[in-house]
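K.L.:
Counted from 1, the sequence shown has number 109 at position 109 by my numbering; the numbering is strictly sequential.
The C-beta atom is built at its ideal place from N, Cα and C for all residues, glycine as well.
All values derive from a computational prediction rather than experimental measurement.
Quick one: the structure is below, and I'll ask about it shortly.
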Amino acid sequence: MSQATRTWTARVLTLFPEMFPGVLGLSLAGKALERGLWSLQAVDIRDFAEDRHGTVDDAPFGGGAGMVLRADVTDRALGHAIAADEAAGGRSPMIYLSPRGRVLDQARCRELADGSGVILLCGRYEGVDQRVLDARAVEEVSLGDFVLSGGEPAALALIDACVRLLPGVMGAETSLEEESFEAGLLEYPHYTRPAEWCGRAVPEVLLSGHHEKIRAWRRAEAERITRERRPDLWARYAGGDGAADRKQAEQS
Ligand code: 9D3
């Protein structure tokens, strides 16, 4: 099936399927879901337990605190999601949301949005038996250096970041903006009415109606804020070869 006729699909393996679509059922992503621009399948890992108690986890070999998701149960759930993906003509990457994964960035979100969808594995307990990750060559992705109680909020964030990039989800206006010089910079400050609030005025230039000056001011502000707050982004902006700093010097 062609990319154009297939629906981008997130298949989420979780012990908490009721967390989905959750917040993604509202707002932009929710509207797009209703319009059929993407689809969601929450797969309950517990459905793949083999005993009548629905056991999915066990104590770690070698001892230690907590419980580990069993390889056999997790693998059956993954196999189910892969079969559904392939039946729909997809070849979606498998991603385990994990604090030891590579940190998600916009470039990876774009790649994922350009594909058929994602198969996401959400961990609970101490983690997943390493053998299933190795056997299925599952990619590991983190949101950053802070501790969540499970992978589900990370899965929701990843899906949201991909869905807004799908064709037709957002207006053409915003996608154009993202490809402009502003890509790689933090946002300039925004203002609306009233023009004076609690003794604070809106920057004069924004009231001038001088579009070229406004553009230049916004760009300078975006560059200043990026330089001050995110030297890592600033270094990468314009090639990370000092070009961005030279450009800034020219402007001031
Ligand atoms: C008590 C277990 N922790 C030892 C320090 C490790 C740990 C395992 C699983 C900590 C948190 C979690 C749950 N987090 C995620 O599943 C997760 C996550 C995160 O915590 N931070 C950033 N990105 C992600 S993606 C998945």
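By the three-class DSSP mapping on this structure, what secondary structure does S201 have?
P.N.:
Start at 1 with the first residue of the sequence shown, and residue 201 comes out as number 201. Here the sequence assigns Ala to residue 201, which means Ser is not the residue at that position. If DSSP states are grouped into helix, strand and coil, A201 belongs with the strands.
K.L.:
Between which two residues does the alpha helix (DSSP H) holding G212 run?
P.N.:
Looking up residue 212 in the sequence shown gives position 212. Checking the sequence shown, residue 212 turns out to be Glu, not Gly. Residues H211 to R229.
K.L.:
Kindly indicate which three-state DSSP category T9 falls into: helix, strand or coil?
P.N.:
Numbered from its first residue, the sequence shown carries residue 9 at position 9. T9: strand per DSSP, three-state reduction.
K.L.:
In whole angstroms, give me the CA-to-CA distance for S252 and W217.
P.N.:
If you number the sequence shown from 1, residue 252 lands on position 252. If you number the sequence shown from 1, residue 217 lands on position 217. Caution applies to S252, whose pLDDT of 48 falls short of 50 and renders its modelled position unreliable; the value that the coordinates give is listed next. Roughly 11 Å between the two C-alpha positions.
K.L.:
Apart from the five residues on each side of it in sequence, which residues of its chain come closer than 8 Å, Cβ to Cβ, to L13?
P.N.:
On the sequence shown, residue 13 is found 13 positions in, with the first residue counted as 1. Within the same chain, L13 has close Cβ partners V43, I45, T74, A77, L78, A81, I119, L120, L121 and C122.
K.L.:
So R236 and L186 are in contact, right, with Cβ under 8 Å, and what is the actual spacing, rounded?
P.N.:
For this step, residue 236 is matched to residue 236 along the sequence shown. For this step, residue 186 is matched to residue 186 along the sequence shown. About 12 Å; that fails the 8 Å criterion.
K.L.:
With a threshold of 16 other CB atoms inside 10 Å of the CB of S116, please say whether the residue is buried or exposed.
P.N.:
Sequence index remark: in the sequence shown, residue 116 carries index 116 (1-based). By the neighbour-count rule (16 or more Cβ atoms within 10 Å), S116 is buried.
K.L.:
How long is the line joining the alpha carbons of W197 and G25, rounded to whole angstroms?
P.N.:
Here residue 197 refers to the residue found at position 197 when the sequence shown is read from its first residue. Here residue 25 refers to the residue found at position 25 when the sequence shown is read from its first residue. Looking at the two C-alpha atoms, the distance is approximately 36 Å.
K.L.:
What residues are listed by DSSP as bridge partners for D44?
P.N.:
The sequence position of residue 44 within the sequence shown is 44, counting from 1. DSSP lists T14 as partners of D44.
K.L.:
Looking at the secondary structure, which residues open and close the beta strand (DSSP E) in which S98 lies?
P.N.:
In the sequence shown, residue 98 corresponds to position 98, counting from 1. Its beta strand (DSSP E) spans residues M94 to V103.
K.L.:
Within a Cβ cutoff of 8 Å, which residues of the same chain sit near R6, ignoring the five residues on either side of it in sequence?
P.N.:
Position 6 of the sequence shown, counted from the first residue, corresponds to residue 6. These residues qualify, in order along the chain: A88, G89, G90 and S116.
K.L.:
For the putative contact between W8 and L166, defined by C-beta atoms under 8 Å, what is the C-beta separation to the nearest angstrom?
P.N.:
By one-based count along the sequence shown, residue 8 stands at place 8. By one-based count along the sequence shown, residue 166 stands at place 166. With a Cβ gap of about 6 Å, W8 and L166 count as contacting.
K.L.:
Give the DSSP bridge partners of G260, in chain order.
P.N.:
Shown here, the chain extends from 1 to 252; a query on residue 260 therefore has no answer.
K.L.:
Is G239 buried or exposed, if buried means 16 or more other CB atoms sit within 10 Å of its CB?
P.N.:
Reading the sequence shown from its first residue, position 239 is the one you call residue 239. Burial call: exposed.
K.L.:
Evaluate contact between the stretch 60-69 and the stretch 33-42, counting only Cβ atoms and requiring at least three cross-stretch pairs below 8 Å.
P.N.:
The answer is no - the stretch 33-42 does not touch the stretch 60-69, with fewer than three Cβ pairs under 8 Å.
K.L.:
Taking only the alpha-carbon atoms, compute the straight-line gap between I214 and G22 and give it to the nearest angstrom.
P.N.:
By one-based count along the sequence shown, residue 214 stands at place 214. By one-based count along the sequence shown, residue 22 stands at place 22. I214 and G22: Cα-Cα distance of roughly 39 Å.
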